[in-house]
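See structure below.
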């Protein structure tokens, strides 16, 4: 039961939460819905408080003493809620001050909204952590050894990719021979020998595309059939990677229901099907990243058993070490930020698998050395051009452009330096807050060679303008990156067919007609109609989910599983440092594609062991 004082505190918190929700929803203060919001918040906060008391307040003589799990849950919910509140204010602060003009009143309005958001996030997160904690404890208490072993039946192994391919087939027939955007067409021209090689889009992926294009042309002598060969390969590869993921999770006691739920996500959420037939490097990169994470997940389980590196243990670990290193190498070669993701992950790998450092340290050094050798001397020998320097400075270029766009005063020396590379008078008209491509194009159309040879001078310019106009820099950074750390609608999501091009390629749909087009249109708009489902289309929502799962894993899960989150946080960090688009689902698709692994890793209890005792280190 709650006391009168506690109810007064909850009422005050409920008012703040209702204030924040009304402000966010732009409700009038006279709207009856504000009263509904207040009562809903009050009842939920009261219910959550009672549940916590029932579950986690222990009796010590005549006193009530808050248990250690409750203290951890309180701190976790508060800190994570504070982080989410900061994210929300950073992204939406300009829309949260109402119609007030006075700066003091605007600040007060924003502060009230921040307090309400913090209260709301805190209670929701605390209750959700409590629910997950109770679920894990019930599963642990009821868990029994499985007599049937860990192998999925052969029929199921065949059925899973079959289901995926059947669900994806309509997207293939509708987008035949595959979805090709300007990025895809650029790689197509390289693969067909129409232009020189470039690592602007990963050269390794271009070679894979070239292999299937040439094989398809040799067999079918038809360019559309050749493109379809690569598309089918990608569909099958992604389906097999998903099968491998489900096999690993099932072996480590994820259960049939949870695995089936994950299968439904991969099979039925439309963008998974569309991406499976889209010729982007991001798709295979997502599969590579999931296999890398799965290999690490299994090694972390072996490490947990406390075996030292004996010959017998080495025989069991070696295949996983080879897989980890092989896909670590592919990680560095399949996308430009893959190398940085790998580098940021290495220290955590070495710490988590420190018992195996004698094997792991030289292996990771070899992976890194091979990556630098391939991307450096080997690509140079093959005549592969490096990406333009302007591609790596999306954020700095946008920040400088924002200062010009806002009409700030620059010195003659600063203007002249900018004029050496771009048309200064065009910067303001080219600048788009959520897309850096126009500014990068302005650099490419200007004099990018001067930028390449005077990097230090431009670095000084960037620093000096940042010191003079920090708010403009901050606003430019937020506008360019917020889609990856704040739940909002995707700026870019999926494409269809083949974009206009000079090569004469055109969309060749096999499934066509008014009914098909209308169905595709409806499927594409469903996320804009139904709440909650729409979160599956928000890149930032997946980042928030990963943060929550990380905290839950830290509190009551297998602590070593925390390392699994590192490459995905590194991915988001690299996007925030160099993304060309503020909210493009494909750039964060590796996190989306690996979410089932992260969900189960955060729920897994410390003593969860593989089902099969006779062969605990082999996934069949």
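Residue numbers (the working numbering): 94 to 713.
Using N, Cα and C, we set each Cβ at its ideal position, and we do this for glycine too.
Bounding residues of the alpha helix (DSSP H) (the contiguous stretch that carries residue 632): Taking the chain shown and counting its residues from 1, the one referred to as residue 632 is at position 539. Residues 632-649.
Measure the alpha-carbon distance for residue 450 versus residue 414 and round it to whole angstroms. Counted from its first residue, the chain shown places residue 450 at position 357. Counted from its first residue, the chain shown places residue 414 at position 321. Residue 450 and residue 414: Cα-Cα distance of roughly 11 Å.
Leaving out five residues before and five after residue 479 in sequence, what residues of the same chain have Cβ atoms less than 7 Å from its Cβ? One-based indexing of the chain shown puts residue 479 at position 386. Cβ-Cβ distances below 7 Å link residue 479 to 292 in the same chain, with the five nearest sequence neighbours on each side left out; the list follows chain order.
Contact belief for residue 130 with residue 111 at Cβ below 8 Å, rounded distance in angstroms: Residue mapping note: residue 130 aligns to position 37 of the chain shown, counting from 1. Residue mapping note: residue 111 aligns to position 18 of the chain shown, counting from 1. Confirmed, about 4 Å.
Assign residue 513 to one of three DSSP states: helix, strand, or coil. Within the chain shown, the letter at position 420 stands for residue 513. Three-state DSSP puts residue 513 in coil, outside helix and strand.
Suppose the cutoff is 7 Å on Cβ atoms and the five residues either side in sequence are ignored; what does the same chain contact list for residue 366 look like? The residue labelled residue 366 in the question sits at position 273 within the chain shown. Within the same chain, residue 366 has close Cβ partners 260, 261 and 264.
Name the residue from 279, 349 and 295 whose alpha carbon lies nearest to the alpha carbon of residue 246. Residue 246 sits at position 153 when you count from the first residue of the chain shown. Here the closest residue by C-alpha is 349.
Evaluate residue 380 with the Cβ neighbour count: other Cβ atoms within 10 Å of its Cβ, from every protein chain shown; 16 or more gives buried, anything less gives exposed. As a working note, residue 380 is residue 287 in the chain shown. Of the other Cβ atoms in all chains shown, 16 or more fall within 10 Å of the Cβ of residue 380; this residue is therefore buried.
Identity of the residue in 588, 524 and 452 nearest residue 569 by Cα: By 1-based counting over the chain shown, the position of residue 569 is 476. Distances from the CA of residue 569 to each of 588, 524 and 452 were compared; the closest alpha carbon is that of 524.
Buried or exposed, going by whether 16 or more other CB atoms sit within 10 Å of the CB of residue 549? To locate residue 549, count along the chain shown from 1; it is residue 456. Residue 549 should be labelled exposed.
9 Å Cβ cutoff met for residue 499 and residue 551: Residue numbering aside, residue 499 sits at position 406 when the chain shown is read from its first letter. Residue numbering aside, residue 551 sits at position 458 when the chain shown is read from its first letter. No, Cβ-Cβ distance for residue 499 and residue 551 is not below 9 Å.
Can you list, in chain order, the residues of its chain with a C-beta nearer than 6 Å to that of residue 280? Leave out the 5 residues immediately preceding and following it. Start at 1 with the first residue of the chain shown, and residue 280 comes out as number 187. Answer for residue 280: 294, 299 and 302, listed in chain order.
Identify the continuous alpha helix (DSSP H) that holds residue 343 and give its terminal residues. Against the chain shown, residue 343 aligns to sequence position 250. Membership of residue 343 in the alpha helix (DSSP H) is indicated by the continuous run 316-344.
With DSSP as the reference, label residue 164 as helix, strand or coil. The count along the chain shown starts at 1 and reaches residue 164 at position 71. In the structure shown, residue 164 sits in a helix (DSSP, three-state: H, G or I).
Residue from 578, 630, 324 and 224 with nearest C-alpha to residue 585: Walking along the chain shown from the start, residue 585 turns up at place 492. For residue 585, the nearest C-alpha among the options comes from 630.
Is it right to say residue 473 is buried, meaning 16 or more other beta carbons lie within 10 angstroms of its own, or is it exposed? The residue you call residue 473 lines up with position 380 of the chain shown. Residue 473 is exposed by the Cβ-count criterion.
So, using beta-carbon positions, are residue 587 and residue 627 closer together than 9 Å? On the chain shown, residue 587 is found 494 positions in, with the first residue counted as 1. On the chain shown, residue 627 is found 534 positions in, with the first residue counted as 1. No, they are not a contact pair.
Around the C-beta of residue 101, are 16 or more other C-beta atoms found within 10 angstroms, so that it is buried, or is it exposed? Along the chain shown, read from residue 1 onward, the residue named residue 101 stands at position 8. By the 16-neighbour rule on beta-carbons within 10 angstroms, residue 101 is exposed.
CA-to-CA distance, residue 672 to residue 589, given in whole angstroms: Against the chain shown, residue 589 aligns to sequence position 496. Against the chain shown, residue 672 aligns to sequence position 579. Each residue's alpha carbon lies about 23 Å from the other.
Give the C-beta separation of residue 319 and residue 304 to the nearest angstrom, bearing in mind that I take them to be a contact with Cβ-Cβ under 8 Å. As a first step, residue 319 must be located in the chain shown, where it is residue number 226. As a first step, residue 304 must be located in the chain shown, where it is residue number 211. No, residue 319 and residue 304 are not in contact; Cβ-Cβ is about 11 Å, not under 8 Å.
Can you give me the Cβ contacts of residue 605 inside the same chain, cut-off strictly under 6 Å, excluding the 5 residues immediately before and after it? For the purposes of this step, residue 605 is identified with residue 512 of the chain shown, where counting begins at 1. Sequence-distant partners of residue 605 (beyond 5 residues in either direction) whose C-beta falls short of 6 Å from its own C-beta are missing from its chain.
Assuming contact is defined by CB atoms lying nearer than 9 Å, are residue 668 and residue 566 in contact in what I supplied? Walking along the chain shown from the start, residue 668 turns up at place 575. Walking along the chain shown from the start, residue 566 turns up at place 473. Against a cut-off of 9 Å, the Cβ pair of residue 566 and residue 668 comes out as no contact.
On a Cα-Cα basis, can you pick out the residue from 283, 460, 432 and 642 that is closest to residue 596? Here the question's residue 596 lines up with position 503 in the chain shown. The candidate whose alpha carbon is nearest that of residue 596 is 283.
Report all residues from its chain with a CB closer than 7 Å to the CB of residue 694; omit the five preceding and five following residues, and keep chain order. The residue you call residue 694 lines up with position 601 of the chain shown. In chain order, 390, 646, 654 and 657 place their CB closer than 7 Å to the CB of residue 694, counting only its own chain and leaving out the 5 sequence neighbours on each side.
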